[in-house]
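Colleague:
Residue numbers (my numbering): 98 to 315.
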């Protein structure tokens, strides 16, 4: 399937913004438009890297559109949808009638694949979007990782840092297993090794308490 023109991608990304809260004191700390933008760029990186292994099998343009829409409406009640991911997929389908049924299906399926508990993922597109969605875990700088984790922690209800470290470490262990089974399908061994090393470094620094205010640790 051919890539969408850049202008069309930008149009669809722009349409998604109205379905998110903008970052600010009234918004969810983590799941707001800023997160969607971060996922967009993580998705762009993964799409480009996937070409070294899969060529053009991952449609970059549809992945970027899905990234923008993947948490659309996250902050509002589900209104009959089984999960937030299904609701976001439905919003994306209804907002882009110009796309073909096949294109909308690819976007919707990849959004649903961001459901953390969904295994196996439905497609390489879904694998790419899932790992883009949790991209902060393997951020190339620890400060970027800790900033995102701090926002997520606030959204969790500000548990102790000890609990946060334990919870995040368990999630990282799950992701490392998924990386070997899923991410390995779209990245070369070399690129996968880099991704894994970044995640392991971030978790090691977190476990060592780097950047955590000791007065607020418990």
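Where a beta carbon is used, it is the ideal one built from N, C-alpha and C, also for glycine.
Using alpha carbons as the reference points, say which of 173, 140, 160 lies closest to residue 231.
Modeller: Indexing the chain shown from 1 puts residue 231 at position 134. Minimum Cα distance to residue 231 is reached at 140.
Colleague: Are three or more beta carbon pairs between the stretch 289-300 and the stretch 233-249 nearer than 8 angstroms?
Modeller: A contact exists between the stretch 289-300 and the stretch 233-249.
Colleague: Which word fits residue 191, buried or exposed, when buried means at least 16 other C-beta atoms lie within 10 angstroms of its C-beta?
Modeller: The residue you call residue 191 lines up with position 94 of the chain shown. Classification of residue 191: exposed, given that the 10 Å Cβ count is below 16.
Colleague: In angstroms, rounded to a whole number, what distance separates the CA positions of residue 220 and residue 226?
Modeller: Looking up residue 220 in the chain shown gives position 123. Looking up residue 226 in the chain shown gives position 129. The alpha-carbon atoms of residue 220 and residue 226 are separated by roughly 10 angstroms.
Colleague: Using 8 angstroms for Cβ pairs, my map puts residue 208 next to residue 166. What's the rounded Cβ distance?
Modeller: As a working mapping, residue 208 is identified with position 111 in the chain shown. As a working mapping, residue 166 is identified with position 69 in the chain shown. About 6 angstroms separates the two Cβ atoms, so the contact holds.
Colleague: Can you give the Cα-Cα distance for residue 309 and residue 238, rounded to whole angstroms?
Modeller: Position 212 of the chain shown holds residue 309. Position 141 of the chain shown holds residue 238. Cα to Cα, the separation comes out at about 15 angstroms.
Colleague: Going straight from the alpha carbon of residue 301 to that of residue 269, what length do you get?
Modeller: Counting from one through the chain shown, the residue named residue 301 turns up at place 204. Counting from one through the chain shown, the residue named residue 269 turns up at place 172. C-alpha separation (whole angstroms): 11 angstroms.
Colleague: Report the rounded CA-to-CA distance for residue 148 versus residue 286, giving the unit in angstroms.
Modeller: Numbered from its first residue, the chain shown carries residue 148 at position 51. Numbered from its first residue, the chain shown carries residue 286 at position 189. Spanning the two alpha carbons is a distance of roughly 13 angstroms.
Colleague: Starting from residue 310 and walking both ways along the alpha helix (DSSP H), at which residues does that stretch end?
Modeller: Here residue 310 refers to the residue found at position 213 of the chain shown. Residue 310 -> no alpha helix (DSSP H), and no H or E assigned at all.
Colleague: Pick helix, strand or coil for residue 222, following the three-state DSSP scheme.
Modeller: Indexing the chain shown from 1 puts residue 222 at position 125. Of the three classes helix, strand and coil, the one that applies to residue 222 here is helix, per DSSP.
Colleague: Is the beta carbon of residue 113 less than 9 angstroms from the beta carbon of residue 169?
Modeller: Taking the first residue of the chain shown as position 1, residue 113 is located at position 16. Taking the first residue of the chain shown as position 1, residue 169 is located at position 72. Contact: yes.
Colleague: In terms of residues, what are the limits of the alpha helix (DSSP H) holding residue 258?
Modeller: On the chain shown, position 161 is the one that residue 258 refers to. Per DSSP, residue 258 belongs to the alpha helix (DSSP H) from 258-278.
Colleague: Could you check which residue in 284, 222, 123 has the C-alpha nearest to that of residue 146?
Modeller: Position 49 of the chain shown, counted from the start, is the residue given in the question as residue 146. Answer by Cα proximity: 284.
Colleague: Assess contact between the stretch 148-160 and the stretch 179-190, defined as three or more Cβ pairs (one per stretch) separated by less than 8 angstroms. Is contact present?
Modeller: No: the two stretches stay apart, fewer than three of their Cβ pairs being nearer than 8 angstroms.
Colleague: Mind checking whether residue 261 and residue 253 have CB atoms under 9 angstroms apart?
Modeller: Here residue 261 is taken as the residue at index 164 of the chain shown, counted from 1. Here residue 253 is taken as the residue at index 156 of the chain shown, counted from 1. Yes.
Colleague: Is DSSP giving residue 124 helix, strand or coil here?
Modeller: For the purposes of this step, residue 124 is identified with residue 27 of the chain shown, where counting begins at 1. Note: residue 124 maps to coil in three-state DSSP.
Colleague: Near residue 304, which residues of its chain fall below 8 angstroms by C-beta distance, leaving aside the five closest residues on each side in sequence?
Modeller: Counting from one through the chain shown, the residue named residue 304 turns up at place 207. Counting only Cβ-Cβ distances below 8 angstroms, and skipping sequence neighbours, we find 262, 266.
Colleague: Any C-beta of chain D sitting closer than 9 angstroms to the C-beta of residue 145?
Modeller: In summary, chain D is missing from the structure at hand, where a single protein chain is found.
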